[in-house]
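Asks: This is the structure I have questions about; it appears just below.
Number of protein chains: 2
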Amino acid sequence: MGYDCEFLTDCLGEGNVSFGESARESHAADWAADEAGTGVTPDAVVWPESTDDVSAVLEAANDRGVPVTPYAAGTSLEGNAVPEYAGISMDLTRMNDVLDVRPDDFQIDVQPGVMGTAIDDAVSGEGLFFPPLPSSGGISTIGGMIANDASGMQTVKYGEIADWVLELEAVLADGSVVTAGSKAVKTSSGYNLKELLVGSEGTLGVVTRATLELEGIPQQIRGGRAIFPTLDDAAEAVFDAVRSGVDVAKIELVDAISAEMANDYLGTDLPDAPMTFVEFHANHGVQEEIDFCRTIFESHDVERFELADEEAMDELWKARSELAFALQTWDPDLKPLHPGDVTVPISELPAIIRYAKELGAEHDKIVPCFGHAGDGNVHYTTLVDRDDPDDVAVGEQIYEAVVEKAIELGGTCTGEHGVGRGKRQYLELEHGADSVEAMRALKRALDPRDTLNPGKIFPETAKGERVQAEPTDD
Amino acid sequence: MGYDCEFLTDCLGEGNVSFGESARESHAADWAADEAGTGVTPDAVVWPESTDDVSAVLEAANDRGVPVTPYAAGTSLEGNAVPEYAGISMDLTRMNDVLDVRPDDFQIDVQPGVMGTAIDDAVSGEGLFFPPLPSSGGISTIGGMIANDASGMQTVKYGEIADWVLELEAVLADGSVVTAGSKAVKTSSGYNLKELLVGSEGTLGVVTRATLELEGIPQQIRGGRAIFPTLDDAAEAVFDAVRSGVDVAKIELVDAISAEMANDYLGTDLPDAPMTFVEFHANHGVQEEIDFCRTIFESHDVERFELADEEAMDELWKARSELAFALQTWDPDLKPLHPGDVTVPISELPAIIRYAKELGAEHDKIVPCFGHAGDGNVHYTTLVDRDDPDDVAVGEQIYEAVVEKAIELGGTCTGEHGVGRGKRQYLELEHGADSVEAMRALKRALDPRDTLNPGKIFPETAKGERVQAEPTDD
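Same order as they appear, the protein sequences are chains A and B.
With my numbering, the residue at position 25 of the first sequence is 25, and numbering never jumps.
Position in the second sequence counted from 1, then plus 474, gives you my numbering.
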């Protein structure tokens, strides 16, 4: 054991603490379980059940110099929630209550361990929904989504998680409890602590309660798929639709190889071609909007633009949502390296996709591309034999080149998965040294002992550099 | 002279520095020009023309312990941009270029001194507009709007300024230049420095360039006014419309006395009754949305719901936009005390308006109420004889009581005007001591010498408490 964590039993009682190997090991890797997603096994796992529990653990850990890494569903892809330095894994899945629903204000109060789709379940009877849920909404928690500022298929119309968080209660590293934001829909009172906490990946505070904004379920929802002769046509069509102001609620791009993988995994019969999945939300005029979109797609040589009934739409969205799983299982030998995403200004969407595909062709590798194309967001990976170092090296090279290209095009190294351990090396390239230094100053200000999720986000916080006491033994 | 500011001539050359009394005095008060809005006369005024100029001044001032207060159009209402400690007033109005328009990406790059409506002028030819402009968009700068996280009549549909800022370049207190945010429409890369800078009122950095997002001008724009028997009916109607999900682009409440003042000031003939001004934006089905709104208004006993042609709408919005001026000039003896705003959850809108009006009646005072009601936002003031201390005291009492009530109802002490000097005393009541301490830690982290706009936002930063060197003489 690295850090002495016996004090946790005093904080929480035995039922909410484990020093057992299986509990500890299950908190050492995230869903990617690759190099970025595999951390150090924590010395203990705690399951707080209240804000007071979170505060008690943090205060005691901070006093003792013991790292605390918040964890929930473990569905991150960049190692965001796995320990870099052992210490305590704080599992928030037992704080999973819906606390209050206020339909008149379009608001819901939840604890961090509530699953994404449970929010929709709690409010759909009121005719409301939570628009920014990621594709993984059924298997990931709102706390994790807030920590990574997640977004999803409907972000193109409705925005990202940050846009739907009104107020947060969070515990800072020293155990103090802050409230950030307001239940009023707008405020210019003081610094925007709320937006600073959203996307800070548990390095600045642990969210213990969130007030989320909701939206009325639109009266008209229709969707379908459009098949294009080439991936470039599909990308140009998405760009043109967005540029032309088509009011689309989802506009996803799926390349031919990803469609094939989805067919293999789910038994669907998507055509072997690049395509977009689209959905339109409106109270009036949804058909006019679809017609508008069709006109634009036709100018990009769309082969078929087929509207689907509700059941067929569900199947399409399931295929899209489960692409990540499909990639993992498609080939027994070739596995996706670094399943991640970049985002660029929408005018550069065709360019970044062309670039990724050309790199794949150049190196004779399969590089599946899909994603929330309407936001300029591209998910890509390279299929490699993980036992072949040369293969992995080529995959790494493609991965890095696409990230660097996205930044060069005015984009970001991570659209929705956060920085964690996987994207640390790009932070300075994207933001510049002075901006990263400003971020680091904020970290030092709110967590001077580097207690919360140490080692994440910042490039030079390599192992052994924590300012505080190191583990008592190894 | 307080601080020795001769060094400024070396930084910028003589043409961009003034030590003259009239320049200095014109930078000592904002538009409210009341107790909150009247600061200390600065020792010098500078007009930087580039990021390098801003950086040079800040680096030199920070080294010397001289305060720098950013200033632009001077249209704040809470003293946000007037010096608390003399030193340098940094006037950004000469940095007023539109740098780039990228219609394909719905983006524009501007310098901070660009006037709000100049943004619309620059992009309307592309069929685009900048939705979150405040009513004062024609007389205030984008830099000031960003500093206060302003919002406006269309915020109910489109959100506030922060929602439309993609990327900022800003100079920190030590002269370092940071880039915050991304030109990609979504990112989860690093801490959200951008949202921290927006609304920080020039206390954390000076914005020198902003990339703003734009929206397509809707194909259908229609509006009108609805007259109600009582103010309570009008407020309940607004609440019901918002709760019911009416897709309204503007929904403003104006009470009878405010309408009378507008008539006096502008020569309009608004009826002597409480009313709402509404506007609907859509590409399809605007008439159906108007009909939906009418049904709801009818259930609240609306007397007349009259659609207006374009010319008549322009007159209505002019009346609404210029209410602040109308209040100032309506009575030669009675002047508005603390023209400010609060915002509450929409379900509490009727309650906060009733409360303000009841206080006015109780004290026999005129308390005009109007505002962006669809956001739960209320502008209110008390008309007082400023030469009568008892009258002023009653006005203060009403002002404070409404702010405290708004906070009690889950709202905020300032919806869109920032904290400045006028709302400092409510920061802790609204956010709690630990949250305010966290904000203060952020201020110390980015501006350890308290150079940038010292004395603002935080309640206990009273005069004489700056940690750095005090003025050389007084």
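Every residue, glycine too, gets a C-beta built ideally from N, C-alpha and C.
1) Residues of the stretch 152 to 180 of chain A in Cβ contact with chain B at a cutoff of 8 Å, in chain order, please.
2) Identify the contact partners of V110(A) in chain B, using a Cβ-Cβ distance below 7 Å as the criterion.
3) With distances taken between CB atoms, is the gap from E499(B) to V893(B) smaller than 8 Å?
4) Along the chain, where does the beta strand (DSSP E) that runs through F305(A) open and close?
5) Going by beta carbon distance, what residues of the same chain come within less than 6 Å of G938(B), once the five residues before and after it are set aside?
6) Can you give me the Cβ contacts of A29(A) inside the same chain, cut-off strictly under 8 Å, excluding the 5 residues immediately before and after it?
7) At what residue ranges does the stretch 281 to 330 of chain A contain a whole run of the alpha helix (DSSP H), taking only runs of 4 or more?
8) For chain B, is any of its Cβ atoms less than 8 Å away from the one on P345(A)?
9) For the alpha helix (DSSP H) containing P824(B), name the first residue and the last one.
10) Return yes when the Cβ of A373(A) is within less than 8 Å of the Cβ of E252(A), no when it is not.
11) For the stretch 125 to 142 of chain A against the stretch 98 to 115 of chain A, are there 3 or more C-beta pairs whose distance is under 8 Å?
12) May I ask you to list, following chain order, the residues of the stretch 398 to 418 of chain A that have a beta carbon less than 7 Å from some beta carbon of chain B?
13) Just by C-beta distance, which residues in the stretch 713 to 733 of chain B are closer than 9 Å to chain A?
14) What residues in the stretch 16 to 27 of chain A bring their beta carbon closer than 7 Å to a beta carbon of chain B?
15) Return the chain-ordered list of same chain residues with a C-beta closer than 8 Å to the C-beta of F458(A), the five sequence neighbours on each side being excluded.
16) Relative to the alpha-carbon of T653(B), which residue among P608(B), G690(B), L642(B), S674(B) has its alpha-carbon at the smallest distance?
17) Among all the DSSP beta bridges, which residues are the ones paired with H891(B)?
18) Express the C-alpha separation of K724(B) and K357(A) in angstroms, rounding to a whole number.
19) Check whether chain B comes within 8 Å of S189(A), counting only Cβ atoms and requiring the distance to be less than that.
20) Under DSSP, the beta strand (DSSP E) around P813(B) begins and ends at which residues?
21) Apply the 10 Å Cβ neighbour rule to G20(A) and answer buried if 16 or more other Cβ atoms are within range, or exposed otherwise.
22) According to DSSP, M95(A) sits in a beta bridge with which residue or residues?
23) Determine which residues share a DSSP beta bridge with F19(A) and list them.
24) Just the Cα atoms here: how many angstroms apart are P454(A) and L920(B)?
25) Of the residues that make up the stretch 839 to 851 of chain B, which ones have a beta carbon closer than 8 Å to any beta carbon in chain A?
26) Taking 8 Å as the threshold (C-beta atoms), are I352(A) and V242(A) in contact?
27) Can you give the Cα-Cα distance for T803(B) and Y739(B), rounded to whole angstroms?
28) Return the CA-CA distance between V98(A) and A636(B), expressed in angstroms with no decimal places.
29) Whose C-alpha, out of S610(B), N570(B), N622(B), A644(B), is nearest the C-alpha of G432(A)?
30) Could you check which residue in K792(B), N737(B), R538(B) has the C-alpha nearest to that of S610(B)?
31) Going by DSSP in three states, Y426(A) sits in which element: helix, strand or coil?
32) In terms of residues, what are the limits of the beta strand (DSSP E) holding R222(A)?
33) G938(B) by DSSP, collapsed to three states: which one?
34) At 3 residues or longer, and completely inside the stretch 242 to 273 of chain A: list those beta strand (DSSP E) runs for me, N to C.
35) Would you mind telling me which residues of chain B sit closer than 9 Å to N453(A), beta carbon to beta carbon, in chain order?
36) In the DSSP assignment, what residue or residues form a beta bridge with K170(A)?
Replies: Short version:
1) Under the 8 Å Cβ criterion, the stretch 152 to 180 of chain A contributes T155, G159, E160, A162, D163, L172, S176, V177, V178, T179, A180.
2) By one-based count along the first sequence, residue 110(A) stands at place 110. When 7 Å is used as the limit between beta carbons, V110(A) is near no residue of chain B, the shortest such separation being about 16 Å.
3) By 1-based counting over the second sequence, the position of residue 499(B) is 25. By 1-based counting over the second sequence, the position of residue 893(B) is 419. Not a contact, by the Cβ cut-off of 8 Å.
4) Working through the first sequence from its first residue, we reach residue 305(A) at position 305. Per DSSP, the unbroken beta strand (DSSP E) holding F305(A) starts and ends at 304 to 308.
5) Taking the first residue of the second sequence as 1, we reach residue 938(B) at position 464. With a pLDDT of only 48 at G938(B), under the threshold of 50, the placement of this residue in the model should not be trusted, and no figure is reported.
6) Here residue 29(A) refers to the residue found at position 29 of the first sequence. The residues are G37, T38, G39, G74, V82.
7) For the stretch 281 to 330 of chain A, whole alpha helix (DSSP H) runs of length 4 or above, ordered along the chain, are 286 to 298, 310 to 321, 323 to 329.
8) The residue given as residue 345(A) occupies position 345 in the first sequence. Closer than 8 Å: yes.
9) Counted from its first residue, the second sequence places residue 824(B) at position 350. Secondary structure note for P824(B): its alpha helix (DSSP H) is the uninterrupted segment 823 to 836.
10) In the first sequence, counting from the first residue as 1, residue 252(A) sits at position 252. In the first sequence, counting from the first residue as 1, residue 373(A) sits at position 373. Contact annotation: E252(A) and A373(A) have beta-carbon atoms nearer than 8 Å.
11) Counting Cβ pairs under 8 Å, three or more are found: they touch.
12) Residues of the stretch 398 to 418 of chain A that bring their beta carbon within less than 7 Å of a beta carbon in chain B comprise G410, G411, T412, C413, T414, G415, E416, H417, G418, in sequence order.
13) Interface annotation for the stretch 713 to 733 of chain B against chain A: F713, V716, R717, S718, G719, D721, criterion Cβ-Cβ distance under 9 Å.
14) Within the stretch 16 to 27 of chain A, no residue qualifies.
15) Indexing the first sequence from 1 puts residue 458(A) at position 458. The answer, listed in chain order, is R424, L427, V436, M439, R440, K443.
16) Position 179 of the second sequence, counted from the first residue, corresponds to residue 653(B). Nearest of P608(B), G690(B), L642(B), S674(B) to T653(B), Cα basis: L642(B).
17) Counting from one through the second sequence, the residue named residue 891(B) turns up at place 417. H891(B) pairs with nothing; no bridge assigned.
18) The residue you call residue 357(A) lines up with position 357 of the first sequence. The residue you call residue 724(B) lines up with position 250 of the second sequence. Taking the CA atoms as reference points, K357(A) sits about 46 Å from K724(B).
19) As a working mapping, residue 189(A) is identified with position 189 in the first sequence. With 8 Å as the cut-off, S189(A) counts as an interface residue toward chain B.
20) Start at 1 with the first residue of the second sequence, and residue 813(B) comes out as number 339. If you look at P813(B), you'll find it in the beta strand (DSSP E) that goes 808 to 817.
21) Residue numbering aside, residue 20(A) sits at position 20 when the first sequence is read from its first letter. By the Cβ-count criterion, G20(A) is exposed, with fewer than 16 other Cβ atoms from all chains shown falling within 10 Å of its own Cβ.
22) On the first sequence, residue 95(A) is found 95 positions in, with the first residue counted as 1. When DSSP reads this structure, M95(A) sits in no beta bridge, so it has no partner.
23) Sequence index remark: in the first sequence, residue 19(A) carries index 19 (1-based). DSSP output for F19(A) lists no bridge partner at all.
24) Within the first sequence, numbered from 1, the residue matching residue 454(A) stands at position 454. Within the second sequence, numbered from 1, the residue matching residue 920(B) stands at position 446. Rounded to whole angstroms, P454(A) to L920(B) spans 21 Å at the Cα level.
25) Shown in chain order are the members of the stretch 839 to 851 of chain B whose Cβ falls below 8 Å from a Cβ of chain A: D849, G850, N851.
26) Within the first sequence, numbered from 1, the residue matching residue 242(A) stands at position 242. Within the first sequence, numbered from 1, the residue matching residue 352(A) stands at position 352. Result no, Cβ atoms of V242(A) and I352(A) do not sit closer than 8 Å.
27) Along the second sequence, read from residue 1 onward, the residue named residue 803(B) stands at position 329. Along the second sequence, read from residue 1 onward, the residue named residue 739(B) stands at position 265. The alpha-carbon atoms of T803(B) and Y739(B) are separated by roughly 7 Å.
28) Residue 98(A) sits at position 98 when you count from the first residue of the first sequence. Residue 636(B) sits at position 162 when you count from the first residue of the second sequence. Between the alpha carbons of V98(A) and A636(B) lies a gap of roughly 29 Å.
29) Within the first sequence, the letter at position 432 stands for residue 432(A). Of the candidates S610(B), N570(B), N622(B), A644(B), A644(B) places its Cα closest to the Cα of G432(A).
30) Looking up residue 610(B) in the second sequence gives position 136. Nearest of K792(B), N737(B), R538(B) to S610(B), Cα basis: K792(B).
31) Looking up residue 426(A) in the first sequence gives position 426. If DSSP states are grouped into helix, strand and coil, Y426(A) belongs with the helices.
32) Numbered from its first residue, the first sequence carries residue 222(A) at position 222. Its beta strand (DSSP E) spans residues 220 to 227.
33) Working through the second sequence from its first residue, we reach residue 938(B) at position 464. For G938(B), the predicted model reports a pLDDT of 48, less than 50, meaning its position is unreliable and no value from the coordinates is stated.
34) Look at the stretch 242 to 273 of chain A and you find these whole runs of beta strand (DSSP E), each 3 residues long or longer: 250 to 254.
35) Translated into the one-based positions of the first sequence, residue 453(A) becomes position 453. The contacting residues do not exist; N453(A) stays about 13 Å from chain B at best.
36) Taking the first residue of the first sequence as 1, we reach residue 170(A) at position 170. The question names Lys, but residue 170(A) in the sequence shown is Ala. For A170(A), DSSP records a beta bridge to V178(A), V207(A).
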